[in-house]
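Visitor:
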DNA sequence: TATACTTACTTACGAAAAGTAACTAAGGTA
DNA sequence: TACCTTAGTTACTTTTCGTAAGTAAGTATA
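Chains as they are written, first to last, in the working numbering: chain A, 239 to 345; chain B, 239 to 345.
1) Return the residues of the stretch 255 to 279 of chain B that lie within a Cβ-Cβ distance of less than 9 Å from chain A, sorted by chain order.
2) Under a CB-based cut-off of 8 Å, is residue 343 of chain A close to chain B?
3) Look at the alpha carbon of residue 239 of chain B and the alpha carbon of residue 279 of chain A, and state the distance between them as a whole number of angstroms.
4) DSSP three-state call for residue 304 of chain A: helix, strand or coil?
5) Give the DSSP bridge partners of residue 316 of chain A, in chain order.
6) At a Cβ cut of 7 Å, what residues of the stretch 319 to 334 of chain A count as close to chain B, listed as they run along the chain?
7) Does residue 311 of chain A come within less than 8 Å of chain B when only Cβ atoms are used?
8) From the DSSP output, which residues share a beta bridge with residue 258 of chain B?
9) Can you give me the Cβ contacts of residue 272 of chain B inside the same chain, cut-off strictly under 7 Å, excluding the 5 residues immediately before and after it?
10) If residue 339 of chain B sits next to residue 321 of chain B, beta carbons under 8 Å apart, how far is it from one beta carbon to the other, in whole angstroms?
11) Contact defined as beta carbons within less than 8 Å: I believe residue 331 of chain A pairs with residue 252 of chain B. What is the distance between those atoms, to the nearest angstrom?
12) According to DSSP, is residue 272 of chain A helix, strand or coil?
13) In the DSSP assignment, the alpha helix (DSSP H) including residue 342 of chain B goes from what residue to what residue?
14) Is any beta-carbon of chain B found at less than 8 Å from that of residue 316 of chain A?
15) Check for me: the alpha helix (DSSP H) holding residue 285 of chain B runs from which residue to which?
16) Please look up how many angstroms separate the CB atoms of residue 256 of chain A and residue 282 of chain B, rounded, as I've assumed it's under 8 Å.
17) Quick one, which of A/345, A/268, A/274 has its alpha-carbon nearest residue 306 of chain A's?
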């Protein structure tokens, strides 16, 4: 097996998107900043994995985390400029899914 | 944990793209029909997983497989219309990666 | 005839990641 | 003190991945 011949930047971008749940987390955050439990129930991910994904997306500079010391505590996750820049891509995926994914596909 | 509130078609589309390697396989096939071993070395995937991914993409109607009984045998994989329709999305990912992925990110 | 070569896979198996559920920590409330 | 809320973490099982070796079909070579 050989090393890939692809552009490393593209490969990196794809590796972020092709990790399970990360795409959906980003998509969900495109509708605005929100807290942990909101994302959790919106996309149906478990706390264990959401915690992991948010941590990685923060490290990648795609998501930022802000703490509001209210009662009960509020921690909001939102997209950085880098994260928001994925909007056109998500739009294309919406278009493709509407045009090509049938209702039988979703069963 | 609750069920997701997202559009099922979009979720399905994302599930295809967020399975490891599928995005790269589709991207690679955008440059034209090609055989198993070409894809294998171009993106650095193992035969075991490439076989699995091509089978699934065929089931999804994104990839088609054609056998040419030459010597040695030639089996070509190419994108269907549904697969080709992912080109704009891949273009957006290229743009994003060029704008936002740094060379340090790729280390 | 037997051995080897090519492509396109498949099988076996240990390692890594994901899924589920229960648990913890911090802060406030009854 | 006991309990509630959010935001996680831990423990454990199941699924998926990665690596390497093996198989099958069809030539070609010694």
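Beta carbons: idealized from backbone N, C-alpha and C, even for Gly.
None of these values were measured; they are calculated from a predicted model.
Guide: Once the coordinates are examined:
1) 255, 256, 257, 258, 259, 260, 261, 262, 265, 266, 278, 279
2) yes
3) Bear in mind that the predicted position of residue 239 of chain B carries a pLDDT of just 41, short of 50, making it unreliable; the figure below should be weighed with that in mind. For residue 239 of chain B and residue 279 of chain A, the distance between alpha carbons rounds to 6 Å.
4) strand
5) A/302
6) 320, 323, 324, 326, 327, 330, 331, 332, 334
7) no
8) None, per the DSSP bridge assignment.
9) 314, 315
10) No, residue 339 of chain B and residue 321 of chain B are not in contact; Cβ-Cβ is about 25 Å, not under 8 Å.
11) 7 Å
12) strand
13) Run containing residue 342 of chain B: none; DSSP gives neither H nor E here.
14) no
15) 285 to 297
16) Between residue 282 of chain B and residue 256 of chain A the Cβ distance is about 14 Å, and since that is not below 8 Å, they are no contact.
17) A/274
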